[in-house]
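K.L.:
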Amino acid sequence: MKTQATDQYIDEIKRLKAQKNAIILAHYYQTGDIQDIADFVGDSLALSQKAASNSADIILFAGVRFMAETAKILAPEKKVLLPDLNAGCSLANSCKASDFEKFLKENPGRTVISYVNTNAEIKALSDIICTSSNAVQIVESLPPEEKILFAPDRNLGNYVLNKTGRDMVIWNGTCHVHEEFSLEAIIRLKRENPDAKIIVHPECELPVRMVADFIGSTSSLLQFTKKDTGNCYIVATEAGIIHQMKKANPSKSYIPAPPIDSTCGCSECSFMKLITIEKILNCLKNERPEINIEKEILIRAQRPIMRMMEISEKLGL
Ligand code: SF4
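Residue numbers (the numbering used here): 2 to 318.
(1) Does the ligand SF4 have even one heavy atom less than 8 angstroms from the beta-carbon of L92?
(2) List the endpoints of the continuous beta strand (DSSP E) containing C284.
(3) Please give the ranges of any beta strand (DSSP E) in the region 177-248, keeping only runs that are unbroken, at least 3 residues long and fully inside the region.
(4) Hey, T175 and D196 are a contact pair by Cβ (cut 8 angstroms); roughly how many whole angstroms apart?
(5) Is H244 near the ligand SF4 - that is, is its Cβ less than 8 angstroms away from at least one heavy atom of it?
(6) Could you pull the DSSP bridge partners for S254 from this structure?
(7) Can I123 and C96 be called in contact, C-beta distance under 9 angstroms?
(8) Is the beta carbon of N87 within less than 8 angstroms of some heavy atom of the ligand SF4?
(9) Taking 9 angstroms as the cut-off, decide whether the C-beta atoms of L318 and N135 are in contact.
(10) Taking Cβ positions, are A186 and I171 nearer each other than 9 angstroms?
(11) Where do the N-terminal and C-terminal ends of the alpha helix (DSSP H) with A152 fall, by residue?
(12) Ignoring anything shorter than 3 residues or poking outside the region 47-120, list the beta strand (DSSP E) runs there in chain order.
(13) With hydrogens ignored, establish whether the beta-carbon of F225 is closer than 8 angstroms to any heavy atom of the ligand SF4.
(14) Short of 8 angstroms in beta carbon distance, which residues of its chain neighbour A98, apart from the five on each side in sequence? Order them along the chain.
(15) What are the start and end residues of the beta strand (DSSP E) that includes G43?
(16) Could you pull out every residue in the same chain whose Cβ sits closer than 6 angstroms to the Cβ of V140, ignoring the five residues on either side in sequence?
(17) In or out: D44 buried (at least 16 other Cβ within 10 Å) or exposed?
(18) Would the C-beta of E239 count as close to the ligand SF4, meaning under 8 angstroms from any of its heavy atoms?
(19) With H, G and I counted as helix, E and B as strand and the rest as coil, what does DSSP make of E291?
(20) Does the beta carbon of G174 come closer than 9 angstroms to any beta carbon on chain D?
(21) Could you round the C-beta distance between N159 and L207 to whole angstroms and report it? I think they count as a contact, below 8 angstroms.
(22) Whole angstroms are fine: how far does the CA of S142 sit from the CA of T238?
(23) Quick one: using the 10 Å Cβ neighbour count with 16 as the cut-off for buried, is Q20 buried or exposed?
(24) What span of residues does the alpha helix (DSSP H) with M309 cover, start to end?
(25) Mind checking G33: buried by the 16 CB within 10 Å criterion, or exposed?
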């Protein structure tokens with residue numbers, strides 16, 4: 002339930018946004034109240050596209066650090082704010098630049114495709130960036146004989162490899178939310194709700210992907226629940242997306258897939274949930290913390306992201 006203080010914060014955020022010509026971009030994994038005050042809510046691909054094409058002077062990113070960095074890389078002339086610099090990502094953190102450089106040297110002659118969930122240094126070492134919305138299509142856009150190095154999510158990498166059959170070596174990283182879903186709990190939920198469809202993000206482990214009725218990126222899962230004729234879904238991705246699913250189809254039921262080690266029955270990204278309405282207000286007021294990236298890294302990171310955007314545009318993604 003919203004408190005009076007929250008309502009005051011929201012009014013002040015709206016006033017500051019107008020005064021400073023700022024926009025709030027929010028990821029689907031943010032809490033519902035933050036999604037509701039954002040100017041734009043989306044997955045990583047849509048948020049990148051929005052960051053590259055808007056007329057604001059300030060972008061406040063309600064998400065995690067690699068997303069705010071991507072916005073800064075695509076719009077270096079704008080001020081990009083992240084309300085809490087501790088909002089990192091276990092997946093991005095699993096791929097440090099020095100280790101990645103070593104991995105590249107051990108696997109020469111491959112086109113380097115990195116997931117957007119990487120730090121700016123990793124993007125700068127890559128040939129093309131992808132998101133879970135376009136990873137399969139990006140790989141398929143390359144000539145069949147082209148050898149690929151994929152980083153950092155091993156589950157998404159294996160999913161893409163199975164879909165495309167391409168020659169791929171894959172970095173061994175995982176997301177702490179998506180690798181934690183309990184297959185046993187999902188099967189138990191399915192027994193209790195036999196009409197429910199299991200919908201799964203490709204960052205999940207193979208056994209969970211194997212019981213899925215549908216696998217797709219966060220936005221694809223949302224689209225699936227909008228168009229599908231079913232009425233109940235077991236959702237194996239970060240539970241924040243259920244806010245948009247409920248808004249689109251309030252009469253349907255959405256059950257968050259439980260993680261292995263939890264008693265709460267839901268699965269949330271602890272990094273995403275560091276962002277709060279109060280932190281957004283303070284960040285907008287003080288215009289800090291701000292995201293800055295070393296110029297050379299920023300310039301080198303632009304090319305692979307632009308390549309992703311060009312391929313996505315060409316394919317109508
Ligand atoms: S859900 Fe996983 S991949 Fe997404 S920000 Fe959180 S830790 Fe990173």
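All C-beta atoms, glycine included, are put in the ideal place defined by N, C-alpha and C. As the structure is a prediction and not an experimental result, all values here were calculated from the model.
P.N.:
In short:
(1) yes
(2) Taken as a continuous stretch (DSSP letters only), C284 belongs to no beta strand (DSSP E), being part of the alpha helix (DSSP H) at I278 to N287.
(3) 198-201 and 233-237
(4) Not confirmed; about 31 angstroms, so no contact.
(5) no
(6) C233
(7) Cβ atoms of I123 and C96: closer than 9 angstroms.
(8) no
(9) yes
(10) Contact flag unset, no.
(11) Not the alpha helix (DSSP H): A152 falls in the beta strand (DSSP E), residues I149 to A152.
(12) 59-63, 80-82 and 112-116
(13) no
(14) Leaving aside the five residues that flank A98 on each side, the residues in its chain whose CB is nearer than 8 angstroms to its CB run, in chain order, N120, E122, I123 and L126.
(15) Boundaries of the beta strand (DSSP E) harbouring G43: F41 to G43, taken from the DSSP string.
(16) V161, T165 and R167
(17) Classification of D44: buried, given that the 10 Å Cβ count is 16 or more.
(18) yes
(19) strand
(20) This model lacks chain D altogether; it includes just one protein chain.
(21) 7 angstroms
(22) 27 angstroms
(23) Exposed: under 16 other Cβ atoms inside 10 Å.
(24) K296 to K315
(25) exposed
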